[in-house]
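Number of protein chains: 4
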Amino acid sequence: MSHNTFGHLFRVTTWGESHGPAIGCVVDGCPPLIPLTEADLQPWLDLRKPGGSRFVTQRQETDVARILSGVFDDGAGPVTTGTPIAIHIDNVDARSKDYGEIARAYRPGHADLTYQTKYGVRDHRGGGRSSARETASRVAAGAVARRVLGDGVTIRAGVVQLGPHRIAPEAVDFSAVYDNPLFAASAEVVPAWEEYLDGVRKAGSSIGAVVALEVTGVPAGWGSPLYAKLDAELAAAMMSINAVKGVEIGAGFGAAELSGEENADEMRLGEDGQILFGSNNAGGILGGISTGQPLTARVAFKPTSSILTPRQTVTRDGTEADLRTKGRHDPCVALRGVPVVEAMAACVLADALLRHRAQIG
Amino acid sequence: MSHNTFGHLFRVTTWGESHGPAIGCVVDGCPPLIPLTEADLQPWLDLRKPGGSRFVTQRQETDVARILSGVFDDGAGPVTTGTPIAIHIDNVDARSKDYGEIARAYRPGHADLTYQTKYGVRDHRGGGRSSARETASRVAAGAVARRVLGDGVTIRAGVVQLGPHRIAPEAVDFSAVYDNPLFAASAEVVPAWEEYLDGVRKAGSSIGAVVALEVTGVPAGWGSPLYAKLDAELAAAMMSINAVKGVEIGAGFGAAELSGEENADEMRLGEDGQILFGSNNAGGILGGISTGQPLTARVAFKPTSSILTPRQTVTRDGTEADLRTKGRHDPCVALRGVPVVEAMAACVLADALLRHRAQIG
Amino acid sequence: MSHNTFGHLFRVTTWGESHGPAIGCVVDGCPPLIPLTEADLQPWLDLRKPGGSRFVTQRQETDVARILSGVFDDGAGPVTTGTPIAIHIDNVDARSKDYGEIARAYRPGHADLTYQTKYGVRDHRGGGRSSARETASRVAAGAVARRVLGDGVTIRAGVVQLGPHRIAPEAVDFSAVYDNPLFAASAEVVPAWEEYLDGVRKAGSSIGAVVALEVTGVPAGWGSPLYAKLDAELAAAMMSINAVKGVEIGAGFGAAELSGEENADEMRLGEDGQILFGSNNAGGILGGISTGQPLTARVAFKPTSSILTPRQTVTRDGTEADLRTKGRHDPCVALRGVPVVEAMAACVLADALLRHRAQIG
Amino acid sequence: MSHNTFGHLFRVTTWGESHGPAIGCVVDGCPPLIPLTEADLQPWLDLRKPGGSRFVTQRQETDVARILSGVFDDGAGPVTTGTPIAIHIDNVDARSKDYGEIARAYRPGHADLTYQTKYGVRDHRGGGRSSARETASRVAAGAVARRVLGDGVTIRAGVVQLGPHRIAPEAVDFSAVYDNPLFAASAEVVPAWEEYLDGVRKAGSSIGAVVALEVTGVPAGWGSPLYAKLDAELAAAMMSINAVKGVEIGAGFGAAELSGEENADEMRLGEDGQILFGSNNAGGILGGISTGQPLTARVAFKPTSSILTPRQTVTRDGTEADLRTKGRHDPCVALRGVPVVEAMAACVLADALLRHRAQIG
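Protein chains in written order, with the working numbering: chain A, 3 to 363; chain B, 3 to 363; chain C, 3 to 363; chain D, 3 to 363.
Below, the structure is given as structure tokens:
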């Protein structure tokens, strides 16, 4: 069981390796009659696309997404038909020669070792299937999911911690994210962060980061009470992104230090009878089901494994080696992870919407 | 889609409410010919059982698990037959009168609100389906999963942070966990923690905590590379436990502050050719697949929502109320969460074992 | 993967062996707020129950179904809560001594051989998991499914062929089915069929049969176009019933002899604009999706494998044997298959309803 | 839930419309290290390809399958890597103008009506997603499945009934199938069948047929005992093929006329201890699990719905119409169904192999 599909009713199947001819995905279960064209996908892909600044890999990919099925124009403009939507993205700048040595030696911190151990073979070119390139398919699927959710649901993410540098919770401003090359959730930190990340980059090093997520407009009632709690589905979706090693919902690890009195999100009634919460430690989810408050989560990314400093490793032939990874890499893989976090949230929520509708009507 | 089943090949379906006649689970997909009796389940259930100390709810449940199917003795002792194993646990101490008020008012921080909103009805008695009582079924299933994994895999968890009090990573000692009523992963902290938690308990308050998990003996190669990464499956399993709001694998959120050089778990070869790692920031998982190192994770629990201090809330009739929750509760729900964390890890790993065997042979 | 769960959103998990303490099922995904009590289940179970006439096994089971979870009375009568519904049926008349020899020798035509070969062990008592007793769980689940479907959908089945004796299509009368001990879909054939089946029974023999199914009230649009065509789901559900070896939808195998002109179910418009079909060769399903016409299917049952005439077989110890099966058996297992066919159709359709609602709204 | 994926561990997701730019599939869960190239797929696609004789549609498609991922040559030739295998087939001869009228009027017996009713829109060009063109993806996936099964398993199918003309069971010769343009399982019937089908074709009519399937080399023990019986999975797979309306396993509907004595496949031991069966009424499956005998099934196809004779129908605008379908069609869609039946059997069995290995080891 290889699990290249995710989602229950809104289902995404992806395929493709970093240096193969193309990558892509099939989105199945999308409701019909939703207006959708390639122009709806491209802006999201452009946000994630490599080569956009000195802070991301210099690989030059156009990331042009073509829709090969599932959309039809019967006179009133292209709409989804309820059949699977195949999305195809050509790989145009795959320089496999850069990766000669990693065919043999395992990058510490990378999936080279485990793919080879599990499968006995791996497409080592550019990381093959484990490359961040795969996330383009997620972003394309996420763009479809956003159309399913409609304009009422707003999904935003941004970098709130870059290595040791943090944005205070009260200073987080998601509107700044796509206006700076660091995807930082605050315009103010950008100059200092740029200087910091330039240092990391020039040293051939890399650094971890934390991405915050906020989703507004999710009505109360989505999600499932136990083994597919909305927290659990979000956590799994985020943890499935390459380099992610931690996820917290609402107060998250901070809740471990709270008393019951502090943690309780007290409720009062608004003028029109809606529930007003005094706080949102729950991150918008209680018992696995949305409360109507904003969904909030934080996602920890480890640093890129490909660095210039030699690291001790072993080879698949059973010898020791010291490996430095040349080639084109992101000094902080979390940056381009921001649109991916958003896309995965969109897919989880589109799926939750459909499942809610199924059981509750 | 209600998702009361988890797992792909080793599948667990649970049922039952806190104050109904019984709870239970059906374990499907278990390999045949594994020796199994009720005596294999009971010790694990006894660890989680309420009423064991002043630090857990005073509800008195025997938590006797009966196996109703899937095991047969054909002369050589009872073994699994490959058919579904139904496990049945009677509820014997359900005092529904304690819960009169919460039929009407929603406990802040609890699932009362969201169940009622989603379903339009809920079994409010003792929290119904959202009660921690449900975790007994998980523990029973986990006991079966341990038999599938065999003695080579050792799963251990323990409380490493109780509110503001932490056990230093180097002081964590899982062997102490079941010898103290706090499930603390260190004997040394117990006196101080007991005093602290007594204060919380007597104040009718509650507190959050962090549970650490360590699994040794998992061979390299288990797990799936993308949407069901072993990290993602563990995260989802842990997040599905009531009150959990954060999960991290290996260095977790700490990895956000590491450089690529620091994060890389360097490798050397041992005398017999096996890989020796210099560190384990990956928590035993790279690219979603086990490395052969110990799996390590940390799980954040929020404080119990049921507290004596009145909290502002609303009722399902649309009025405001101040609610204090009487009845029997755990001052720190994470304590009895320790065997549940272990059980969920066991189920995830038994499932990973079967899936690995399917694809790789 | 052991597959003791069926359905996608309306999901049924069953457990239990013929001579174990009990059997049962867990119905998950049921919408909330549907009135449901044990009295809604029992009439359907009583139809299937053994011991009712000389034409079915003389095992005396009360088949009393208890609901252990998922239903709650909040003042307006018991309703489903959206949580899993556990149904429990005790086995009260299990005489395992009757089955001594089949622990050793495989009944030809029975699952004894294949269970033992696959699993290396089997609960041979009364056929264990492969016993027709398991179908009681299906019938209980089907009763829940009928409540989900509501009164607009009518599901009826009946025996239309008993060995060589057939009821002409135009003579089929489903209203007769539960008024005769043969579950025959025609009152007229009953005397002759009783005489025939008495002969089979007294000879210790058995005979196959065909059960017809008709479902009215399914609106146009349910089902999925390709790999879960409504035809395919019905076929799988029927084929999953013990002893079934053939399924056809609408004209079925007869369609192989039709020309395109004959097969086309021509359409005209009724007075209020609804579509009127001139025929129903499609059995109410085109492209896997319901047309609004009645769903029609036919299901072939093989004869009961347990017969008194000695048959050549082998034993699990690797010797040859001549086996005659004593004990209590149905001379025609298809008879009690009638409520099971109905129940499986109900489950498939409740599942189709939920999935339709999910994607289409 | 749209169900464009089938299989549990060997999973196939397909996409594409008849007159879109391309069709294709993603095969997930394939074990690694299996030699695989496009040359392994093409011969099977060529068998199904249109335009090959006057008895199939005159649409000219090259059906060239390209593998875009999941296969890697690390020096010893291309092998599967355990990652998803994306297969892409361009549509080169899509003449949408032929289909103008069916955008408006529903072909009786075709999925036009139900797609439009369910989704409110459909890609009507060439039948869109419901076109037999989709089966090319199945055949490509089936070619991969055959590699998973290996040479020990032989899957063969052929037409055994063409309208009223039947091949006697004892005359069935699968080796003749791909040597005649009718895919007939007997060389002798070909001249008479050609003359018959020429008549049908020239009349602009169509006819139904029955395809028989035989699989040898499946070891005893594959399959699951209840809801995913091997019979049920084969039945669902076959019923999911466009135009199929009936499936029977082994004696099938004939078993309804057998006595228990006749139906029992008696067993004796061979010289080396293997089980020898005296007959195969079970079609190689007992209790849902393979016996080691050949798997045998029969599949009924209805006639092609697109015919020249005008049929009464209605339009999506709510008017009545008389429709004759011009364009290019198969006079007997079952013919090209033969490689599809084989492919679906291959996929079901590859999936059964992996699942068996998972649970049993």
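Using N, Cα and C, we set each Cβ at its ideal position, and we do this for glycine too.
Taking 9 Å as the upper bound on Cβ-Cβ separation, chain C lies near residues Ala105, Tyr117, Lys120, Tyr121 and Gly122 of the stretch 99-122 of chain B. Asn93(A) does not reach chain B, its nearest Cβ partner there being about 18 Å away, counting only Cβ pairs nearer than 8 Å. The beta-carbon distance between Thr82(C) and Pro45(C), rounded to whole angstroms, is 18 Å. This is too long to meet the 8 Å contact definition. For Ile87(D), the pairing in a beta bridge is given by DSSP as Val29(D). Sorting Ala96(D), Arg148(D) and Val146(D) by C-alpha distance to the C-alpha of Gly130(D) places Ala96(D) at the top. In this structure, Phe303(B) lies near Gly339(B), with their beta-carbon atoms less than 8 Å apart. By the Cβ criterion, the stretch 305-320 of chain B is in contact with the stretch 110-122 of chain B, since at least three pairs of Cβ atoms, one from each stretch, lie closer than 8 Å. For Thr137(B), the three-state secondary structure derived from DSSP is helix. A residue is called buried when at least 16 other Cβ atoms come within 10 angstroms of its Cβ; Gln62(D) does not meet this threshold and is exposed. When DSSP reads this structure, Phe176(C) sits in no beta bridge, so it has no partner. For the stretch 18-31 of chain C, residues whose beta-carbon sits nearer than 8 Å to a beta-carbon of chain B comprise Gly18, Glu19, Gly22, Pro23, Ala24, Ile25, Gly26, Val28, Asp30 and Gly31. At a Cβ-Cβ threshold of 8 Å, Gly219(B) and Met346(B) do not count as neighbours. For the set Leu355(D), Ala360(D) and Gln361(D), the Cα lying nearest the Cα of Gly154(D) is the one of Leu355(D). Interface flag for Ala347(D) against chain C is unset, since no Cβ pair is found closer than 8 Å. Using a Cβ-Cβ cut-off of 8 Å, Phe303(C) does not count as an interface residue toward chain B, since no Cβ of chain B sits closer than that to its own.
Distance from the Cα of Gly262(C) is smallest, within the candidate group Arg313(D), Ala237(D), Asn182(D) and Gly248(D), for Arg313(D).
Annotation: Pro34(B) is outside any alpha helix (DSSP H) and is labelled neither H nor E by DSSP. Spanning the alpha carbons of His90(B) and Ser20(B) requires a straight line of approximately 14 Å.
DSSP places Ala230(D) outside both helix and strand once states are collapsed to three, so it counts as coil. Secondary structure note for Gln163(B): it is in no alpha helix (DSSP H), and the uninterrupted beta strand (DSSP E) holding it is Thr156 to Leu164. If you check the CB distance, Ala352(A) and Phe8(A) do not come in under 8 Å.
If you check each beta-carbon in the stretch 247-261 of chain B against every beta-carbon of chain A, the ones closer than 9 Å belong to Lys247, Gly248, Val249, Glu250, Ile251, Gly252, Ala253, Gly254, Phe255, Gly256, Ala257, Ala258, Glu259, Leu260 and Ser261.
Here Asn244(C) is near Ser132(C), since their CB atoms are less than 8 Å apart.
Taking 8 Å as the upper bound for CB-CB distance, Gly248(A) and Phe255(B) are in contact here, some 4 Å apart. In this model, Arg127(A) and Gly22(A) are separated by some 8 Å (Cα to Cα). For Met346(A), no beta strand (DSSP E) encloses it; the enclosing alpha helix (DSSP H) starts and ends at Ala336 to Ile362. Among the residues facing chain B, His126(A) is not included, as its CB has no counterpart in that chain under 8 Å away. Across the structure, Ala107(D) and Pro166(D) are spaced so that their CA atoms are roughly 31 Å apart. With a beta-carbon spacing of about 16 Å, Ile25(A) and Arg124(A) fall beyond the 8 Å limit used to define contacts. Residue contact with chain A for Pro221(D): absent (no Cβ-Cβ distance below 8 Å to any residue of chain A). Secondary structure of Val146(A) (DSSP, three-state): helix. The beta carbon of Arg318(A) is closer than 6 Å to those of Gln118 in its chain, skipping five residues each way along the sequence. Secondary structure at Gly248(D): strand, using DSSP grouped into helix, strand and coil. Across the structure, Met241(D) and Leu236(C) are spaced so that their CA atoms are roughly 9 Å apart. Counting only the Cα atoms, Ile87(D) lies some 7 Å from Trp17(A). The three-state reading of DSSP puts Asp48(B) in helix, counting H, G and I together.
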